[in-house]
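Numbering (this note's numbering), first residue to last: 80 to 427.
Take a look at the structure below.
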Ligand code: GZL
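This is the structure:
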């Protein structure tokens with residue numbers, strides 16, 4: 080038996096025992112690699128976890144793209160939001176001598192050493208979704224994902240425009256930020272988008288609490304802030320699952336969610352727009368505006384790998400285009416830096 084297969088089995092059992100999810104679309108976890116398996120492109124995919132609807136859709140996009148029938152053996156590892164599990168998975172991929180590593184990094188920092196090991200092993204690393212902050216960008220081949228700061232700026236520009244259209248004074252906005260996973264690109268970008276808008280529009284940023292992109296933490300954080308700040312009129316949730324929790328907390332506090340903040344409703348802003356529930360909430364006004372965050376990176380990564388297989392160098396950074404969603408027709412488009420973005424009206 081090949082030494083690499085033996086090591087793979089030992090490490091795979093260790094990973095399974097550690098509670099991480101593990102999956103392989105190919106058959107090379109068998110003791111002997113089948114002849115036809117030798118032609119498969121082996122991809123090690125380290126995913127953040129399964130913390131949100133967005134993440135599950137992102138995982139599904141990858142699993143449904145990289146199938147054995149299409150010539151791939153995808154080895155998928157769910158890190159359960161722990162960077163150390165991702166580092167362990169990457170080292171496993173290196174030892175299994177995969178052809179490509181795809182990393183969806185939980186946070187930006189802490190990748191130099193292990194990406195250096197992959198680089199030394201000559202394995203191309205494709206970063207998806209959130210970014211990595213490394214001393215040498217040659218440690219990864221390319222990145223594909225969202226412009227998170229632009230997502231935040233667009234949602235805030237929608238709010239600013241909505242206030243103007245309804246005669247609401249900008250300095251009457253009392254907003255709190257339910258942040259995503261601390262140190263992740265999505266959190267850093269969406270938070271910066273909000274903080275810049277607070278300064279330029281004269282809003283009152285009353286408080287900030289971690290929501291970790293989950294419904295439970297979103298509910299807990301919002302309930303806590305409602306007790307501290309009874310004058311909140313906007314809750315800025317850094318993803319939909321936090322927004323679902325925030326809506327529960329607002330309603331449990333005897334208040335109502337909606338766009339009519341002049342009448343005492345609390346407006347909820349959010350990001351992703353992936354689940355039917357989020358779309359329904361947007362249609363009925365429970366969520367006033369969603370900054371779309373597109374999770375379907377599977378085909379994008381496949382195109383990158385096809386290009387690499389053909390010797391074509393991919394773009395170093397590839398940003399995906401994303402919309403602004405609302406069930407309220409007050410604002411039909413917004414402009415930022417001379418670029419106009421239409422608001423996609425979700426009809427009830
Ligand atoms: C954004 C992604 C974020 C989503 C959350 O691309 O990293 O992580 O907005 C997810 O829903 O948990």
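Glycine is no exception: its CB is placed at the ideal position from the N, C-alpha and C atoms.
Per DSSP, which one or two residues make a beta bridge with residue i?
i, result
"residue 289", "258"
"residue 279", "In DSSP, residue 279 forms no bridge with anything."
"residue 123", "154 and 180"
"residue 336", "345"
"residue 398", "224"
"residue 423", "404"
"residue 414", "419"
"residue 241", "Beta-bridge pairing links residue 241 to no other residue."
"residue 143", "Residue 143 is not bridged to any residue."
"residue 284", "254"
"residue 103", "154"
Could you pull out every residue in the same chain whose Cβ sits closer than 8 Å to the Cβ of residue i, ignoring the five residues on either side in sequence?
i, result
"residue 245", "341 and 409"
"residue 388", "120"
"residue 205", "179, 180, 181, 182, 219, 220, 221, 222, 223, 380, 383 and 384"
"residue 411", "421, 422 and 424"
"residue 295", "324"
"residue 150", "118, 119 and 120"
Apart from the five residues on each side of it in sequence, which residues of its chain come closer than 6 Å, Cβ to Cβ, to residue i?
i, result
"residue 423", "402 and 404"
"residue 109", "Bear in mind that a pLDDT of 41 at residue 109, under 50, signals an unreliable position, so the number given afterwards is only what the model happens to contain. Same-chain partners within the cutoff: there are none."
"residue 166", "193"
"residue 238", "none"
"residue 281", "249 and 250"
"residue 360", "366"
"residue 398", "226"
"residue 271", "228"
"residue 202", "180"
Leaving out five residues before and five after residue i in sequence, what residues of the same chain have Cβ atoms less than 7 Å from its Cβ?
i, result
"residue 418", "none"
"residue 212", "187 and 188"
"residue 233", "370, 403, 413, 415 and 420"
"residue 363", "406 and 427"
"residue 261", "289"
"residue 378", "144"
"residue 243", "none"
"residue 339", "none"
Is residue i near residue j, with beta carbons less than 8 Å apart?
i, j, result
"residue 293", "residue 325", "no"
"residue 132", "residue 407", "no"
"residue 128", "residue 172", "no"
"residue 210", "residue 264", "yes"
"residue 250", "residue 313", "no"
"residue 157", "residue 126", "yes"
"residue 231", "residue 269", "yes"
"residue 160", "residue 177", "no"
"residue 376", "residue 103", "no"
"residue 353", "residue 374", "yes"
"residue 255", "residue 229", "no"
"residue 357", "residue 319", "yes"
"residue 267", "residue 235", "no"
"residue 279", "residue 322", "no"
"residue 258", "residue 287", "yes"
"residue 337", "residue 344", "yes"
"residue 137", "residue 208", "yes"
"residue 196", "residue 170", "yes"
"residue 216", "residue 191", "no"
"residue 372", "residue 347", "no"
I want to check one thing, is the minimum distance from the CB of residue i to the heavy atoms of the ligand SAH below 7 Å?
i, result
"residue 268", "Absence of the ligand SAH from the depicted structure is noted, with the ligand GZL being the only ligands included."
Are any of the Cβ atoms in chain B nearer than 8 Å to that of residue i?
i, result
"residue 323", "The structure shown has no chain B; it contains just one protein chain."
Item to check | Within the stretch 345-372, ranges of the alpha helix (DSSP H) (whole runs, at least 4 residues) | outcome: 355-363
Checklist entry - Which whole runs of the beta strand (DSSP E) in the stretch 295-332 are 3 residues long or more, in chain order? => result 313-316
Checklist entry - Considering only residues of the stretch 179-216, which uninterrupted alpha helix (DSSP H) runs meet the minimum length of 4 residues and lie entirely inside it, listed in chain order? => result 191-199
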